[in-house]
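Step one of this worksheet: look at the structure below.
Numbering (our numbering), first residue to last: 131 to 676.
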């Protein structure tokens with residue numbers, strides 16, 4: 131069960147396979163027993179929600195024949211032709227009438243070849259069918275789910291709408307080839323991959339992971355569009371682009387942005403991230419205190435090439451607390467920096483992501499086997515190591531268990547009494563923090579707040595919002611940029627604009643910070659950079675890692 135037990139309301143959710151007659155019988159037995167308990171304790175069988183088909187057949191026992199007859203008289207007076215919601219409240223069918231089920235007696239579904247392990251749900255189709263149409267994804271406030279529905283108010287672009295489209299396709303009700311059709315691609319197009327549904331849906335539907343599975347099949351069937359190739363293969367060509375940042379940054383010019391829109395379908399009015407003059411490129415395999423506790427720093431592609439100062443800030447903070455910071459480097463003769471494969475997953479290139487994760491597992495094995503934590507800055511990359519890695523790489527579970535957000539590491543060490551962080555009041559006494567969707571999905575947003583609270587004399591507030599809207603490449607695409615901005619304008623961007631000029635804006639996600647910059651002309655910072663700025667000048671390390 132779940133929900134508000136404090137006021138006597140329990141939402142019971144027994145796991146039943148209503149495609150099976152025996153489980154349908156169990157459902158009725160549970161319903162009748164629960165109803166009997168409600169009557170015994172003088173409760174209500176429908177006090178919070180509508181009656182509907184599920185409860186209407188119990189009305190006579192609850193209200194008595196006289197009141198039910200009155201219900202019927204009112205219905206016939208105002209709806210003599212029984213057109214308005216037939217079968218609800220008045221003259222209801224049995225709640226276990228299988229002719230009314232989504233899963234009728236002749237229901238069958240196919241099981242596609244998948245990259246991820248869906249065995250816990252009895253296969254991919256079983257995971258899709260976990261959506262029980264409760265509609266929690268249609269909420270318009272509170273939590274994160276579902277950003278695209280909140281912006282469009284279109285059922286097709288809710289988690290439920292997507293799950294139903296997949297269910298109909300897998301059961302053959304949309305015709306052959308529907309999984310890889312353009313209609314299915316359109317249905318999933320506005321899913322930003324926030325993973326809020328995995329956390330907030332009562333049945334834990336993970337539409338972000340399902341979308342990866344479907345895109346994988348669509349790429350195999352239809353090929354990879356040029357724009358997706360540009361985003362997906364970013365880790366492969368980034369080292370070469372970083373050698374000529376001035377040329378790479380020409381895209382931001384008027385001519386460059388127009389050409390990018392024409393060639394790649396990128397939004398001309400949405401600047402791409404600015405390539406740093408010098409990427410984060412450690413000169414040695416470790417820095418800091420040789421006799422201090424070791425920590426492995428994973429330099430993600432986005433901070434490495436666009437905002438290397440964030441990685442430098444992490445080094446400064448970790449060294450200031452006496453740590454020996456090791457850098458994740460390729461094994462053997464390889465020179466290309468390591469990657470988590472997130473960009474490949476975002477366009478359905480699961481095998482390429484698997485290759486990147488294999489390199490990463492191999493490179494970190496020595497340290498992970500010794501129990502050394504692996505800390506990262508970019509929420510999407512850290513979540514990839516925790517979530518997708520164990521399913522894609524047989525021996526990836528150990529690395530997944532050691533992967534942490536850098537703020538999590540600081541908080542864990544602080545709670546254990548192993549951290550002495552000497553901080554000063556920063557440039558401002560007010561900090562406004564936005565939680566990245568993947569921080570929230572990984573239950574790792576509160577450590578960010580707790581880490582910032584180590585700075586003395588600061589007032590910290592959080593932005594109560596859904597996704598920022600950018601969602602990686604989503605906000606840079608010409609055909610989704612407007613929706614991306616609309617998502618941001620729901621709560622996130624107004625909160626930024628309302629903040630005072632001296633308020634420090636914190637957003638750990640690279641794309642979140644870029645949404646702030648392009649839509650409000652304010653600057654957002656990674657939490658670790660704010661913590662670094664609160665260090666005494668004497669203990670800041672300097673840029674010796676570049």
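Cβ coordinates follow ideal geometry from the N, Cα and C atoms, glycine included. Note that the structure is a prediction, hence the values are computed from the model and not measured.
Per DSSP, residue i is paired with what?
i, result
"residue 534", "505"
"residue 416", "456"
"residue 656", "For residue 656, which the question treats as bridged, DSSP gives no partner whatsoever."
"residue 449", "Bridge partners of residue 449: none, in fact."
"residue 607", "396"
Take residue i and list the residues in its own chain whose beta-carbon comes closer than 8 angstroms to its own, dropping the five residues that flank it on each side.
i, result
"residue 454", "416, 417, 418, 419, 420, 421, 422, 423, 424, 425"
"residue 674", "Note that residue 674 scores 42 on pLDDT, short of 50, meaning its location in the model is unreliable; the coordinates nonetheless yield the value given after this. Same-chain partners within the cutoff: 413, 417."
"residue 591", "560, 561, 562, 563"
Measure the alpha-carbon distance for residue i versus residue j and round it to whole angstroms.
i, j, result
"residue 384", "residue 621", "30 angstroms"
"residue 150", "residue 255", "15 angstroms"
"residue 312", "residue 299", "13 angstroms"
"residue 676", "residue 232", "Below a pLDDT of 50, predicted positions are generally treated as unreliable, and residue 676, at 38, falls in that range; the measurement from the model is reported next regardless. So the two alpha carbons sit approximately 59 angstroms from each other."
"residue 238", "residue 305", "13 angstroms"
"residue 369", "residue 548", "37 angstroms"
"residue 223", "residue 186", "8 angstroms"
"residue 519", "residue 527", "7 angstroms"
"residue 243", "residue 523", "17 angstroms"
"residue 605", "residue 321", "12 angstroms"
"residue 533", "residue 496", "14 angstroms"
"residue 429", "residue 360", "21 angstroms"
"residue 314", "residue 351", "13 angstroms"
"residue 286", "residue 612", "17 angstroms"
"residue 439", "residue 660", "11 angstroms"
"residue 183", "residue 217", "7 angstroms"
For residue i, I'd like the list of residues in its chain whose CB is within less than 7 angstroms of its CB, leaving aside the five on either flank, ordered along the chain.
i, result
"residue 251", "257, 260"
"residue 478", "342, 345, 346, 348, 349"
"residue 618", "598, 599, 645, 649"
"residue 160", "144"
"residue 431", "364, 365, 368, 469"
"residue 176", "185"
"residue 583", "590"
List the endpoints of the continuous alpha helix (DSSP H) containing residue i.
i, result
"residue 254", "254-258"
"residue 644", "640-650"
"residue 245", "Where residue 245 is concerned, there is no enclosing alpha helix (DSSP H), given that its DSSP letter is neither H nor E."
"residue 138", "Premise fails: residue 138 is in no alpha helix (DSSP H) and is neither H nor E."
"residue 211", "Here residue 211 belongs to no alpha helix (DSSP H), and DSSP marks it neither H nor E."
"residue 612", "611-620"
"residue 481", "480-499"
"residue 296", "289-300"
"residue 473", "472-476"
"residue 278", "277-282"
"residue 326", "326-330"
"residue 312", "312-318"
"residue 521", "519-522"
Could you please give the first and the last residue of the uninterrupted beta strand (DSSP E) stretch that includes residue i?
i, result
"residue 637", "634-637"
Please work out which residues of its chain come closer than 6 angstroms, Cβ to Cβ, to residue i, disregarding the five sequence neighbours upstream and downstream, and give them in chain order.
i, result
"residue 665", "450"
"residue 588", "559, 561"
"residue 295", "317"
"residue 537", "577, 578, 581, 657"
"residue 595", "621, 622"
"residue 200", "none"
"residue 575", "565, 569"
Which runs of the beta strand (DSSP E) fall wholly inside the segment 537-591 and span at least 3 residues, in chain order?
560-564
Continuous alpha helix (DSSP H) assignments of at least 4 residues falling wholly in the segment 145-200
151-170, 182-186, 189-193
Unbroken stretches of the alpha helix (DSSP H), 4 residues or longer, contained in the segment 348-430:
356-362, 364-371, 375-378, 384-394
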